[in-house]
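Enquirer: Residue numbers (numbering that gives the first Met the number 0): 0 to 235.
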Amino acid sequence: MKKLIRVAINDFRLVFRDNSLKIFIVLPLLVLIFTRYGVPYIVEIYPVVREYIAIILMLASIQGPIAFGFIYSMVLMDEKDTSVAKVYGVLPISKFWFVVFRLLPPYLLATLTTFLLLLVEPFYRLDVGENLVYSVVVGLTVPLMIVFIPIVASNKIEAMTWQKLFNLPLFLPIAAFFVPAGIALLFAVFPTYWAYKGFSALIGGRVAWGFLLTGAAYSVVLVVLMIRRFTRTHFR
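1) Does P27 pass the burial test, meaning 16 or more other C-beta atoms within 10 Å, or should it be called exposed?
2) Would you list, in sequence order, the uninterrupted alpha helix (DSSP H) runs of no fewer than 4 residues that lie entirely inside the region 162 to 214?
3) Whole angstroms is fine: what's the gap from A207's alpha carbon to K155's?
4) If contacts are defined as beta-carbon pairs under 8 Å, then P105 and G68 qualify, I think. What distance do you get, rounded to the angstrom?
5) Can you tell which of R101, S93, Y133, L103 has the C-alpha that lies nearest to the C-alpha of L116?
6) Mark G209 as exposed unless 16 or more other C-beta atoms lie within 10 angstroms of its C-beta, in which case mark it buried.
7) Which residues in the same chain have their Cβ closer than 6 Å to the Cβ of P172, if we skip the five residues on either side of it in sequence?
8) Here's a check: name, in chain order, each residue in its chain whose Cβ is nearer than 8 Å to the Cβ of V219, leaving out the five neighbours to either side.
9) Hey, how far is the Cα of Y51 from the Cα of F176?
10) For R235, tell me which candidate among P91, V223, K79 has the shortest Cα-Cα distance.
11) Smallest Cα separation from L169: which of D126, G203, G214?
12) By the DSSP assignment, the alpha helix (DSSP H) with I55 in it spans what residues?
13) Could you check whether M225 and A158 sit closer than 8 Å to each other, using their CB atoms as the reference points?
14) Can you tell which of E43, V30, A200, V38 has its C-alpha closest to the C-alpha of F114?
15) Starting from the C-beta of R228, find all residues in its chain whose C-beta is less than 7 Å away, skip the five residues before and the five after it, and write them out in chain order.
16) Under DSSP, the alpha helix (DSSP H) around F234 begins and ends at which residues?
17) Using beta carbons (cut-off 8 Å, strictly below), is P149 in contact with chain C?
18) Out of T232, H233, R231, V222, which one is the CA nearest neighbour of L102?
19) With 16 as the cutoff for other CB atoms within 10 Å, does G197 come out buried or exposed?
20) Out of curiosity, what's the CA-to-CA distance linking Y40 and A59?
21) Fully enclosed by the region 54 to 106, which alpha helix (DSSP H) runs are 4 residues long or longer?
22) Can you name, in chain order, every residue of its own chain whose Cβ lies under 8 Å from the Cβ of N166, other than the five neighbours on each side?
In structure tokens, the structure reads:
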């Protein structure tokens, strides 16, 4: 257990040693400030924007997970490039739980940034518990991104490309709110679809637990499957 915690802390320190990654740590804060002050100002000038506040908040709420997903996937890509992953592979511990512990810090940070953003946004007054549940579900996109990138990319250049491609399934379910219900169901294959539908239900005063719990369960299954695949390839 101590070894797992030590590695997780070391990953966090590596982020602050890389100047290129530090920039992305600031991104969630900038999004929070823009959501709190910039969006209300824009709404005052262009009232038509108010109709799209929910969509704007959905897009804003996923920025924290994207930022921390990118940061930590680059950490794993770096250890893959430098063969440090092979050293970790000989440690006498469960590789599955080794990866889980390393994913906890970015997951918690992403969940926290989403929670704080929805806490300060001035348009809706979500219950703290509802806000937390939504943030927990959205945060599950972080471990998916972190382990997916090293699986499909062989170097950092490829990783950057895959990062952009991975963002598409995160944003694409927004289109479900602009198409007929029958077509919208096609986006249910993406975990963020369930989170966005849950958020829409929350701000609309409807029951959202079905969407959020489905999204959480679906995401957890995907995370477990991805971690298992990751452990078979990353440490060799």
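Even glycine gets a Cβ: it sits at the ideal position worked out from N, Cα and C.
This one's a predicted model, so the numbers in the text were calculated from it and none came from an experiment.
Expert: Checking against the coordinates, here is how it stands:
1) buried
2) DSSP runs (the alpha helix (DSSP H)) wholly in the region 162 to 214: 180 to 183, 190 to 202.
3) 39 Å
4) About 7 Å separates the CB atoms of P105 and G68; that is less than 8 Å, so the two are in contact.
5) Y133
6) exposed
7) F186, F189, T191, Y192, Y195
8) L139
9) 11 Å
10) K79
11) When D126, G203, G214 are compared, the shortest CA-CA separation from L169 is found for G214.
12) Run containing I55: 52 to 60, per the alpha helix (DSSP H) assignment.
13) Inclusion of A158 and M225 in the CB contact set at 8 Å is not warranted, their separation being larger than that value.
14) V30
15) Within the same chain, R228 has close Cβ partners I150.
16) Element bounds for F234: n/a, residue is neither H nor E.
17) Absence of chain C from the displayed structure is noted, only one protein chain being present.
18) V222
19) buried
20) 16 Å
21) Here the runs fully enclosed are 62 to 80, 83 to 88.
22) I65
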